[in-house]
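Colleague:
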Amino acid sequence: METSTGDLFCDTDVSPDDVWGDPVICAEPATQNPAPALPPKRLRPENPAPSAATGGEGLRISYDMAPRDNGGPLAPLEIQEIRGEVVRLEPEEPAVSRMPRHVAFHERPAHAPDPAAASGEATDWGRAKRQPVIWILGIGMAVAATVVGAMVMLPFVNKSNAARPPLPGQSEWVLEAVTEADAISEMLSRKAEAERVFQDFISAPSPEAIPPLIRDPEKIDGLIREMRHPAGAFANRPPPKTRNWIVRETPLIRYGILTGILPDHSNFEAYFTLAQGSLVMDWKASTAYGTAGFAELAQKQGNPAEIRTMILPSDFYTLAFPEGAYQNYQMVSPDQRESIWAYSRRGTDVHEALKLLLNSGEIITDETEPVKVTVRLEPGPANSLPGQWQIVELLHKDWIAP
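Under the numbering used here, the first residue of the sequence shown carries the number 45, and numbering increases by one thereafter.
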């Protein structure tokens, strides 16, 4: 609170907590720029705080302090027992009365005691129950009757599977099949004989010694003298090295093929068949004989009546042999050095025969390996190329004649 005394202003507002203790100061009215003025601080407060240096007993901590007397003996702890009394704050409400229980007695009906219950499980434990002997005899007789009945009915059950009377010629056909299998096995064992016949053939001293070794000598006597190797060419040479002996069978002929290497390191393939119980060599098939050479056929020359070749399908067509009317084949020479083009007219017997021979089925593609055949050719149309021929007859499959 400020009071005015004339031209002086005195500040009389003092807080209860004020420790400054200054007298009331009256100041002159503030000028335009008053300077700050603070009262001098009191040198000593009115109520100084107690100091540790002034003395007095405080809290002393030491290891050798004497026990402090608490001022009297220890008072015992009083334990008050909790009794089972209930203190009700309000009066107790009366309980609801219950209905009296009426007990009714019902008499059980009288019945005879169960004899099975007289002996419990513990009494009969470990004892086997014996069946009457009549049941055992009855079961045995039933089993015996069942077995006897099955044996009696067995012939009637197997009557449908009994052997039927043979058809006419059936027995002969079975014997013939067994004979053919034995003949093939017997021919497979003749490799040594085939090697001996071939060695005698290539080392024959003269053409007159060859006919006993070959098949149908009277039909090819004039051709033997034109064979590629002169008689006795391998007379003083080591025997040829044979590799394979294969037996094949067609509906018309059974024959064997002996392959190997000649003393001059050239390959050979000799065909053999049975004649009067002995192996003989098929000269035409072994020498791949043809009525014309492939060099002649490439120039549209020679006699194409009997040509042994390796054939495979091809797709070389010209105006003389259009694809819509012909099927093209490539014919390779037996020594695989030359080839010509051959065609079969679609729809003819020779075309169907070659198709069946070269195609394994409708879905399977054409054979990729050449097939050995013997065919008869004819020259093509006038506008055909020199190396184009038409196949008019399939003489036989492979190079051996039936």
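All C-beta atoms, glycine included, are put in the ideal place defined by N, C-alpha and C.
Keep in mind that this is a model prediction, so the values were computed, not measured.
1. Quick one: what's Y387 bridged to in DSSP?
2. Starting from the C-beta of D359, find all residues in its chain whose C-beta is less than 8 Å away, skip the five residues before and the five after it, and write them out in chain order.
3. Helix or strand or just coil, what does DSSP make of A397?
4. Please determine, among K203, F316, L267, M195, the residue with the shortest C-alpha to C-alpha distance to A445.
5. Span of the beta strand (DSSP E) holding K416?
6. A148 by DSSP, collapsed to three states: which one?
7. Which residue wins for smallest C-alpha separation from G346, given the options E136, H150, W433, A156?
8. Which residues mark the beginning and the end of the alpha helix (DSSP H) in which D442 is found?
9. What would DSSP say about S310, mapped onto helix, strand or coil?
10. Should P284 and G304 be called a contact, given that it needs their Cβ atoms to be closer than 8 Å?
11. Quickly, what does DSSP pair F316 with across the bridge? List them, please.
12. Quick check on the DSSP output: the alpha helix (DSSP H) that includes M197 runs from which residue to which?
13. Quick check on DSSP: helix, strand or coil for A426?
14. Identify, in the order they occur along the chain, each residue of the same chain with its Cβ nearer than 6 Å to the Cβ of P425, setting aside the five sequence neighbours on each side.
15. Going by C-alpha to C-alpha distance, which of K344, S388, R269 sits closest to T331?
16. Can you give me the C-alpha to C-alpha distance between L398 and E350, rounded to a whole angstrom?
17. Out of curiosity, what's the CA-to-CA distance linking S229 and P430?
18. Work out the CA separation of R298 and W289 for me, nearest whole Å.
19. In three-state DSSP terms, what is E367?
20. For I258, which beta-bridge partners are listed by DSSP?
21. To the nearest angstrom, report how far apart R390 and V415 are at their CA atoms.
22. Could you pull the start and end residues of the beta strand (DSSP E) that L19 belongs to?
23. Given that a residue counts as buried once 16 or more other Cβ atoms are within 10 Å of its Cβ, and exposed if not, what is I123?
24. Ignore the nearest five residues each way along the sequence and tell me which others in A342's own chain have a CB closer than 6 Å to its CB.
25. Which residue's Cα is closest to the Cα of M231: D308, P251, V291?
26. Could you spell out the range, first to last residue, of the beta strand (DSSP E) harbouring R240?
Modeller: Quick look at the numbers:
1. Answer is N372, Q434, bridged to Y387.
2. These residues qualify, in order along the chain: E367, N372.
3. helix
4. Ranking K203, F316, L267, M195 by Cα distance to A445 puts F316 first.
5. 415-423
6. coil
7. W433
8. Careful: D442 lies outside any alpha helix (DSSP H) and carries neither H nor E.
9. coil
10. yes
11. G300, M325
12. Annotation: the continuous alpha helix (DSSP H) that includes M197 extends over 177-201.
13. coil
14. Contacts found: A364.
15. Nearest C-alpha to T331: R269.
16. Here the C-alpha atom of L398 lies approximately 16 Å from the C-alpha atom of E350.
17. 47 Å
18. 13 Å
19. coil
20. M325
21. 20 Å
22. Beyond the ends of the chain as shown, which are 45 and 446, falls residue 19; an answer cannot be given.
23. exposed
24. I384, G431
25. V291
26. Where R240 is concerned, there is no enclosing beta strand (DSSP E), although the alpha helix (DSSP H) it sits in stretches over 235-246.
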